[in-house]
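So the protein lines, in turn, are chains A and B.
First residue of the first sequence? That's 833 in this note's numbering, and the numbers climb one at a time after it.
First residue of the second sequence? That's 15 in this note's numbering, and the numbers climb one at a time after it.
Ideal placement from N, C-alpha and C gives every residue a C-beta, glycine not left out.
Predicted, not measured: the structure shown is a model, and the values here were computed from it.
Remarks on the structure that follows.
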Amino acid sequence: MKNDLYKKIIEEDFGEKSLTLLDFIKVCDTLGLTVFEHKIIRCPVKKMENEISNNIYSSMSQYRQTMPDWSAREYDYDNDRATAYLMYQGIKDGEFSIEAENSSTYHKWIFSVVGQCVVVHYALNFID
Amino acid sequence: MELKNASSVPIDEVISELIYGEFGFVLLKADVDSVFDKIATNTTYQDGIRVSGEGTQVTFRLFPINYTGNVKNNRLQNYASARGDAVKNVFKRWTEAGYNKRNAKKPENSDDFFKFLEEISFMKADYLLLRVEGESDD
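This is the structure we're talking about:
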């Protein structure tokens, strides 16, 4: 079941504007949505099992704290700092994914607003 | 006892009850789509689920005991075994808390335990959240 109130707030507050992760967090926190994360860490060492865990967070702003600060943002390599937030088309529909990587890790988050919660499928891969 | 709805209970309240409550479990009713419905469809009751609040963390198992029938059916869960395992765990916590005065060996042999289940509205609940021992680190 999708969340009708979520769509309504997006339409009224943002119209046709493209949205960033910060906008998404703001809307989810306004609606008091809880976050359920299904996380998989793919182990780079052969013969070792992947680590899977299920976690709940009370809000999207709390969940954001678990993501690297530079994710979902542009990066200024000259000055070595994250800058503006990137825009994601699917936020309007409550379904979108974010990918991010640095020299040692590759991250992928798939966000879906379903009913009274945000379901996040998160994969963390270590790069050899 | 009046049970809370799964969709509206604040997560911090759940964490607090799991950590500081006498028995380390919480009973909830399923209503509209809640985070617990999502967990029940993506995990089994043997899986540990970590919940984080403001500065606290606790791990629990979610038993879809589904007494009102509002829990959505899914292929991962066997409600009969979830109920059986849930009762055994509640009986263990109840015994450890010192309420098993007649030293009943099994839940089905204890009238007092049955009264306790009635008092906590166990048979009106859809979800049992049971703290996994030794996993809280508040």
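Minimum C-alpha distance to residue i - residue among the options
i, options, result
"Ile961 of chain A", "B:Ser135, B:Tyr141, B:Ile29 and B:Leu142", "In the structure as shown, chain A starts at 833 and stops at 960, and residue 961 of chain A therefore has no counterpart that could be examined."
"Ser935 of chain A", "A:Asp960, A:Gln894 and A:Pro876", "A:Asp960"
"Gln897 of chain A", "A:Gln921, A:Glu843, A:Ala916 and A:Leu853", "A:Leu853"
"Val46 of chain B", "A:Gln948, A:Leu956, A:Phe958 and A:Tyr954", "A:Gln948"
"Ala783 of chain A", "A:Ala904, A:Gly926 and A:Lys840", "Residue numbering for chain A in the displayed model covers 833 to 960; residue 783 of chain A lies beyond these limits and cannot be assessed."
"Phe958 of chain A", "A:Tyr909, A:Glu883 and A:Ile923", "A:Glu883"
"Ser850 of chain A", "A:Ala955, A:Phe928 and A:Leu865", "A:Phe928"
"Gly62 of chain B", "B:Asp51, B:Arg75, B:Phe50 and B:Thr55", "B:Arg75"
"Trp941 of chain A", "A:Ile873, A:Lys858 and A:Asp908", "A:Ile873"
"Met899 of chain A", "A:Tyr954, A:Asp908 and A:Leu918", "A:Tyr954"
"Gly926 of chain A", "A:Glu906, A:Val951, A:Arg913 and A:Ala914", "A:Val951"
"Thr919 of chain A", "A:Phe943, A:Asp855, A:Ser890 and A:Asn911", "Checking the sequence shown, residue 919 of chain A turns out to be Met, not Thr. Taking only the C-alpha atoms, the option nearest Met919 of chain A is A:Asp855."
"Phe130 of chain B", "B:Thr82, B:Glu147, B:Thr109 and B:Tyr141", "B:Thr109"
"Gly847 of chain A", "A:Ile923, A:Leu956 and A:Thr937", "A:Ile923"
"Met124 of chain B", "B:Tyr141, B:Leu142, B:Val146 and B:Val101", "The displayed chain sequence assigns Ser, not Met, to residue 124 of chain B. When only C-alpha atoms are compared, the closest one is B:Val101."
Same chain only: Cβ atoms within 7 Å of residue i, ignoring 5 sequence neighbours per side
i, result
"Leu837 of chain A", "Leu863"
"Ala96 of chain B", "Tyr59, Phe77, Pro78 and Ile79"
"Asn103 of chain B", "Leu144"
"Ile857 of chain A", "Met892, Ser893 and Arg896"
"Phe105 of chain B", "Pro121 and Phe127"
Residues bridged to residue i [DSSP beta-bridge criterion]
i, result
"Val950 of chain A", "A:Val867 and A:Val945"
"Lys43 of chain B", "B:Asn19"
"Lys940 of chain A", "A:Glu931 and A:Ala955"
"Ala914 of chain A", "A:Tyr907"
"Phe37 of chain B", "DSSP, once it has assigned bridges, lists no residue as partnering Phe37 of chain B."
"Arg874 of chain A", "A:Asn957"
"Met919 of chain A", "A:Thr852"
"Ser885 of chain A", "A:Lys871"
"Leu143 of chain B", "B:Val40 and B:Leu76"
Residue i: first and last residue of the uninterrupted beta strand (DSSP E) it sits in
i, result
"Glu927 of chain A", "Glu927 to Glu933"
"Asn56 of chain B", "Note, Asn56 of chain B: premise wrong, no beta strand (DSSP E); alpha helix (DSSP H) at Val49 to Asn56."
"Val896 of chain A", "With the sequence shown as reference, residue 896 of chain A is identified as Arg, and Val is not the correct amino acid for it. Note, Arg896 of chain A: premise wrong, no beta strand (DSSP E); alpha helix (DSSP H) at Met892 to Arg896."
"Phe74 of chain B", "Gln71 to Pro78"
Sequence-distant residues of the same chain with beta carbon closer than 6 Å to residue i, five excluded per side
i, result
"Asp151 of chain B", "Its pLDDT being 44, under 50, Asp151 of chain B is placed unreliably by the model, and the measurement read from it follows with that caveat. Closer than 6 Å at Cβ, skipping near neighbours: Gln71."
"Ala932 of chain A", "Ser903 and His939"
"Ile930 of chain A", "Ala904 and Trp941"
"Glu149 of chain B", "Since pLDDT at Glu149 of chain B reaches only 47, below the 50 mark, its modelled position is unreliable, and no value is offered."
Extent of the continuous alpha helix (DSSP H) to which residue i belongs
i, result
"Val28 of chain B", "Ile25 to Tyr34"
"Tyr93 of chain B", "Tyr93 to Glu110"
Cβ shell of residue i (< 8 Å), same chain only, five flanking positions each side left out
i, result
"Asp126 of chain B", "Tyr113, Asn114, Lys115, Arg116 and Ala118"
"Leu17 of chain B", "Leu41, Leu42, Lys43, Ser135, Lys138 and Ala139"
Cutoff 8 Å: residue i Cβ touching any chain D Cβ
i, result
"Tyr909 of chain A", "The structure shown contains no chain D; its protein chains are A and B."
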